[in-house]
Amino acid sequence: MPSINGALILPDKIINGQIDFQSHIEKIIELPHTLNQYILPGFIDCHVHGGNGYDTMDGITAIKHMSHFHMSHGTTTLLPTTITAPWSDIIHALHSIKEVMEHKTLNGPRIHGAHLEGPFINPLKRGAQPPFCILPTPRKIQEALQTECIKIITLAPEIEHAQEAMQTFSQHGIRVSLGHTLASYEETKNAICTICSSRGTPGATHLFNAMPSLSARTPGPIPAFLCDSVSYAELIFDNHHVHHANMQLALQTMQDRLFFVTDSMRGAGQPDGLSTLGGQGVFIKDGVARLENGTLAGSVLTLDQALRNAIKKGKNLLEAAKLVSTNAAHYLGLKDRGEIKEGLLADFTILNEKLEVCEVWINGQRKV
Ligand SMILES: [Zn+2]
């Protein structure tokens, strides 16, 4: 039976030990000596557009390549994410994601499904999303459902038809993540209520970004997420999108309901220079991607880098493992992964002493 050993990042403690596994973890054995590599549950990225020159919107081959790129940075489960585009292009991309999901020879990370980011967002808060926002009419909702691969939908709760969309998607087990929004505090609270009463799990898309800031008399959506006990939230922790004090605030209030995403675009893993996002020109310099008008345009982040950023800001590996894996698994309702525990899938990301990815295992097989 295969086995690996190292400092094991378990749900509540770190031990030196050995893991015996097949496709699932069979046994965890504590060892007396110190080991110089860290074994974490495989990383989970719920919001990722592209990487290494490839973008989800480009179709099957691109989805495979960008998935492999993120796997080499520790990601074992991901949700390729579409961008606001003409509806037919989005539907085409969703079909491509479905095809890759069902393709047994991908030999890459697990594709859990698609994250539909836009077009059901507020055109006045679209950030770097191209101007193809539309309303979630009953017909569009049905067409989206028919693709049978969407697991997360980013939606602005204040737009027309949003109420019905939140109910229908939630009833179908799709996570409705509120974002690219100008919703008030009250509108956000009501949306969270709607999602919960439709048996859904509310979320926030890249918390703090593409939503109104918190201010004294108009709190906006942020405290609605921070102060409830049900909402999950994504955070882009690349040292550019969110100040670490805000990360700390979100972590203290939301605790195990906060998780990191990359929101990375095709320029991730590429040298500085020109790239594109949704057909728009993007310039990447020193790890920051911006549109011509200066708007932050996705990121070039990878989850291993997000983990190292968190460690640099004082988090420990137990906390970091939750941010890159455990909490996202809980959000998605995936009980078979996200922790190193007997009976769970043998998906591991192994880091060296510098916290760089040195091995990736998926379903008990070494991939990197
Ligand atoms: Zn995005």
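The opening position of the sequence shown corresponds to residue 1 in full-length UniProt numbering, with each subsequent residue numbered one higher. The beta carbon of each residue, even a glycine, is placed where N, CA and C say it ideally should be. Please read these numbers as outputs of a predicted model, since none were measured by experiment.
In this structure, does DSSP put histidine 47 in helix, strand or coil? strand
Hey, which unbroken runs of the alpha helix (DSSP H) at 4 residues or more fall wholly within the segment 175–206? 185–197
Proximity winner among Val176, Ile192, Leu94 and Thr188, relative to glutamine 146 (alpha-carbon distances): Leu94
Closest to histidine 241 by C-alpha separation, out of Gly279, Tyr232, Asp256 and Ala289, would be which residue? Ala289
I'd like to confirm something about threonine 34: is its beta-carbon nearer than 7 Å to some heavy atom of ligand 1, or not? no
What are the residues that DSSP puts in a beta bridge with tryptophan 361? Phe348 and Arg366
What residues in its chain sit with their C-beta under 8 Å from that of glutamate 342, if we drop five residues either side in the sequence? Ile25, Glu26, Lys27 and Ile28
Strand pairing of proline 234, partner residues [DSSP]: Note that residue 234 corresponds to glutamate in the displayed sequence, not to proline. Paired residues: Phe259.
Relative to ligand 1, is the shortest distance from any of its heavy atoms to the C-beta of aspartate 336 smaller than 7 Å? no
Any heavy atom of ligand 1 closer than 7 Å to the Cβ of aspartate 272? no
I'd like the span of the alpha helix (DSSP H) that includes glutamate 30, first residue to last. Looking at the DSSP string, glutamate 30 is not in any alpha helix (DSSP H); the run it does join, the beta strand (DSSP E), is 25–30.
Span separating the alpha-carbon of glutamine 252 from that of asparagine 246: 10 Å
Identify which residue in Ser177, Arg217, Asn293 and Ala306 has its Cα closest to the Cα of aspartate 238. Ala306
Using a threshold of 7 Å, is the CB atom of threonine 81 nearer than that to any non-hydrogen atom of ligand 1? yes
How would you label glutamate 158, buried or exposed, when you count the other beta carbons within 10 angstroms and need 16 or more for buried? buried
Alanine 289 by DSSP, collapsed to three states: which one? strand
Does the structure place the segment 45–52 close enough to the segment 72–83 that three or more beta carbon pairs sit under 8 Å? yes
For aspartate 263, is the beta carbon positioned less than 7 Å from some heavy atom of ligand 1? yes
Short check: CB of leucine 345 to CB of tyrosine 38, under 8 Å? no
Identify the continuous beta strand (DSSP E) that holds threonine 253 and give its terminal residues. Careful: threonine 253 lies outside any beta strand (DSSP E), inside the alpha helix (DSSP H) at 244–254.
Enumerate in chain order the residues of its own chain whose CB-to-CB distance from glutamate 164 is below 8 Å, with the five nearest sequence positions on each side excluded. Pro136, Pro138 and Ile141
Which first and last residues belong to the alpha helix (DSSP H) in which lysine 140 is found? 138–146
With DSSP run on the structure shown, which of helix, strand or coil describes glutamine 280? strand
Where isoleucine 159 sits in the DSSP three-state scheme: coil
Quick check on the burial criterion: 16 or more other C-beta atoms within 10 angstroms. Buried or exposed for serine 325? buried
Whole-angstrom Cβ separation of histidine 180 and alanine 210, contact assumed at under 8 Å? 5 Å
Going by beta carbon distance, what residues of the same chain come within less than 6 Å of glycine 338, once the five residues before and after it are set aside? Pro41, Ser325, Thr326 and Ala329
For threonine 218, which of Arg366, Glu160 and Ala183 has the nearest alpha-carbon? Ala183
Give the secondary structure of aspartate 20 by DSSP, where H, G and I count as helix, E and B as strand, and everything else as coil. strand
Shorter than 7 Å, the distance from the beta carbon of residue 376 to the closest heavy atom of ligand 1, or not? In the structure as shown, the chain starts at 1 and stops at 368, and residue 376 therefore has no counterpart that could be examined.
Leucine 78: first and last residue of the uninterrupted beta strand (DSSP E) it sits in: 75–82
When you compare each of Pro109, Ile222, Asp58 and Asn16 to isoleucine 90 by their alpha carbons, which one comes out closest? Asp58
Extent of the continuous beta strand (DSSP E) run through serine 3: 3–9
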